[in-house]
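Enquirer: This is the structure I want to talk about, given as structure tokens.
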Amino acid sequence: MRRTAAIVAAFAAGVVAGAALLLALPVPGVQDTPGGPSLRRDAVVGKAPVATLLAWTPGRLPDGYAEAVRGLPSIRTATVIHSGVAWMDRWQEQAGRVRRQPGGLRIPVEIASIHRRSYAAFVPPADRAAVTRLEGAILGRTFADLHDLGPGAEVVIAGTTLEVEAVLEDELVGAHEVVVAGSLGRRLGIDRPRYLLVVPRSGSPAGRIEAALRRPVPAGVRVRIRAPGETPVFRHGDAVLPQVRVKELFGEFAAAPRPDGTLAVSPSWVRSNIRTAHVPVLGEIRCHRLVVPLVRAALEDLEGRNLGHLVDPADYGGCYYPRFIASDPGTGLSHHSWGIALDINVSQGLPGRQPTIDRRVVEAFEAQGFKWGGGFLIPDGTHFEFVRFP
1278 MRRTAAIVAA FAAGVVAGAA LLLALPVPGV QDTPGGPSLR RDAVVGKAPV ATLLAWTPGR
1338 LPDGYAEAVR GLPSIRTATV IHSGVAWMDR WQEQAGRVRR QPGGLRIPVE IASIHRRSYA
1398 AFVPPADRAA VTRLEGAILG RTFADLHDLG PGAEVVIAGT TLEVEAVLED ELVGAHEVVV
1458 AGSLGRRLGI DRPRYLLVVP RSGSPAGRIE AALRRPVPAG VRVRIRAPGE TPVFRHGDAV
1518 LPQVRVKELF GEFAAAPRPD GTLAVSPSWV RSNIRTAHVP VLGEIRCHRL VVPLVRAALE
1578 DLEGRNLGHL VDPADYGGCY YPRFIASDPG TGLSHHSWGI ALDINVSQGL PGRQPTIDRR
1638 VVEAFEAQGF KWGGGFLIPD GTHFEFVRFP
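Quick note on numbering: the numbering used here labels position 333 of the sequence shown as 1610, and the sequence is numbered without any gaps.
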């Protein structure tokens, strides 16, 4: 019932008064041809109030999923976003100064690779020309601000020089740091399809749309469908903070990837941000300096209620551990890389299994701003990750 209500609300948003003029503007260089993206009022997302849905599966979208969704009679248009991490060698600030990291280290950057024509249907009219004409790079606002970058600047990623052609608000680029067109994305190694943006046809029965989007998913693969208002940013892994937000809060580091999927992080960043501290119950932990007080407060709460025995210090899985998710370079960086996630009672809830950790432990950590992994699409019942300051 909640899901149906959310999708009904999405359709209602698409006809909010006042949006018609904004959404009626044409898209430069894009024709509304059969099989192409529709550019009617209910085919635009971003700041406009519209009926857009998100679909994603862990790791990557199944082969053929996007094509199957586009063929559904209830779906008007859809676009696939490929996503991954590439390494920035250097960049030129707006003032003209060229910046690079010492010691041969580089900066991990989350990049989206898009199909320009179909993605244009999912941004407001004022930003469509930047998408349809994209040859270099579009930057998300936060990443651009972190590096003093703007149109005309240059970034060098994986040895490829990219001109910055536009800066868009984070929500318009799925909170990615850099956006490139598909062919360039493949050259940079961004070839993993991570999520799908979908616009249902107006008048489609709302209660059937989620079932239609789930139907093409292979047996045994989990899929998450989101409607507007259910997630801060339409992107994969939407239960946790996007990488650029983590950088904004906890700092950006330079690193070098190792063959085993771990990272050699800049020693100066580690010295400035990672702390070894003694906390109740667990004893010694090694986390980001801003997260240590939150971990301590959660454990003091448990200890103060005589619930410290619910956390086993011998079953602690650690906090700061710089690596890719599942040690797979094709995915994003684990937030353990910033020391803002920790694993406790690791034998009580291995990834994918039904969590057994006591809910009072979960409540203590959630009160301090942590997200419990037991609610992830693939449950990780021993994982707690920072998402907000309490």
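Cβ coordinates follow ideal geometry from the N, Cα and C atoms, glycine included.
All figures in this text were calculated on a predicted structure; none of them were measured in a lab.
For my contact list, residue 1351 and residue 1486 are in at a C-beta cut-off of 8 Å; report their separation, rounded to the angstrom.
Expert: Yes, they are in contact, since the Cβ atoms of residue 1351 and residue 1486 sit about 6 Å apart, within 8 Å.
Enquirer: Kindly indicate which three-state DSSP category residue 1542 falls into: helix, strand or coil?
Expert: Of the three classes helix, strand and coil, the one that applies to residue 1542 here is strand, per DSSP.
Enquirer: Where does residue 1304 land, buried or exposed, given buried means 16+ other C-beta within 10 angstroms?
Expert: Residue placement at residue 1304 cannot be trusted, given a pLDDT of 30 that sits under 50; what the coordinates show is reported in the next sentence. Counting Cβ neighbours within 10 Å, residue 1304 comes out buried, since at least 16 surround it.
Enquirer: Under 6 Å Cβ to Cβ from residue 1589, same chain only, skipping five residues before and after it: list those, please.
Expert: Closer than 6 Å at Cβ, skipping near neighbours: 1622.
Enquirer: Taking the straight line between their C-alpha atoms, what separation do you get for residue 1469 and residue 1375?
Expert: Near 31 Å, if we compare the C-alpha coordinates of residue 1375 and residue 1469.
Enquirer: According to the Cβ coordinates, are residue 1413 and residue 1439 closer than 9 Å?
Expert: For residue 1413 and residue 1439, yes; Cβs fall inside 9 Å.
Enquirer: Kindly indicate which residue of 1645, 1638, 1535 and 1574 has the alpha-carbon position closest to the one of residue 1659.
Expert: Answer by Cα proximity: 1638.
Enquirer: So, with DSSP's three-state summary, where would you put residue 1351?
Expert: Residue 1351: coil per DSSP, three-state reduction.
Enquirer: Can you tell which of 1409, 1362 and 1665 has the C-alpha that lies nearest to the C-alpha of residue 1516?
Expert: Ranking 1409, 1362 and 1665 by Cα distance to residue 1516 puts 1665 first.
Enquirer: Ignoring anything shorter than 3 residues or poking outside the segment 1371-1398, list the beta strand (DSSP E) runs there in chain order.
Expert: Within the segment 1371-1398, the complete beta strand (DSSP E) runs of at least 3 residues are 1375-1377 and 1384-1391.
Enquirer: Compare the beta carbon distance of residue 1523 and residue 1451 with 9 Å and say whether it is the shorter of the two.
Expert: No.
Enquirer: Along the chain, where does the beta strand (DSSP E) that runs through residue 1527 open and close?
Expert: First-last for residue 1527: 1520-1527, but that is the alpha helix (DSSP H), not the beta strand (DSSP E).
Enquirer: Count the other C-beta atoms from every protein chain shown that fall within 10 angstroms of the C-beta of residue 1565, then say buried if there are 16 or more, exposed otherwise.
Expert: Looking at its Cβ environment, which holds 16 or more other Cβ atoms inside 10 Å, residue 1565 is buried.
Enquirer: Does residue 1583 pass the burial test, meaning 16 or more other C-beta atoms within 10 Å, or should it be called exposed?
Expert: So residue 1583 counts as exposed.
Enquirer: Between residue 1330 and residue 1476, is the Cβ-Cβ spacing less than 9 Å?
Expert: For residue 1330 and residue 1476, yes; Cβs fall inside 9 Å.
Enquirer: Assuming residue 1363 and residue 1434 form a contact by the criterion Cβ under 8 Å, report the distance between their Cβ atoms to the nearest whole angstrom.
Expert: Going by Cβ atoms, the distance from residue 1363 to residue 1434 rounds to 5 Å, so yes, they are a contact pair.
Enquirer: Report back the beta-carbon spacing between residue 1579 and residue 1567 to the nearest angstrom; my notes put them in contact at under 8 Å.
Expert: With a Cβ gap of about 21 Å, residue 1579 and residue 1567 do not count as contacting.
Enquirer: Here's the rule: buried if 16 or more other CB atoms are within 10 angstroms of the residue's CB, otherwise exposed. What is residue 1503?
Expert: Classification for residue 1503: buried.
Enquirer: Decide if residue 1544 is buried, meaning its Cβ has at least 16 other Cβ atoms within 10 Å, or exposed.
Expert: It counts as exposed.
Enquirer: What are the complete alpha helix (DSSP H) segments, minimum 4 residues, inside the segment 1614-1662?
Expert: Within the segment 1614-1662, the complete alpha helix (DSSP H) runs of at least 4 residues are 1636-1643.
Enquirer: Under the assumption that residue 1359 contacts residue 1389 (Cβ atoms under 8 Å), give the Cβ distance between them as a whole number of angstroms.
Expert: Contact flag correct, Cβ pair sits at about 7 Å.
Enquirer: Here's the rule I'm using: 16 or more other beta-carbon atoms within 10 Å means buried, otherwise exposed. How should residue 1442 be labelled?
Expert: Buried: at least 16 other Cβ atoms inside 10 Å.
Enquirer: Sort out for me which residues DSSP pairs residue 1472 with in a bridge.
Expert: Per DSSP, 1333 and 1358.
Enquirer: For the putative contact between residue 1500 and residue 1332, defined by C-beta atoms under 8 Å, what is the C-beta separation to the nearest angstrom?
Expert: 6 Å between Cβ atoms; contact.
Enquirer: Would the beta-carbon of residue 1613 fall within 9 Å of that of residue 1598?
Expert: Contact flag set, yes.
Enquirer: Is the beta carbon of residue 1535 less than 9 Å from the beta carbon of residue 1541?
Expert: Their beta carbons are under 9 Å apart, which means residue 1535 touches residue 1541 by this criterion.
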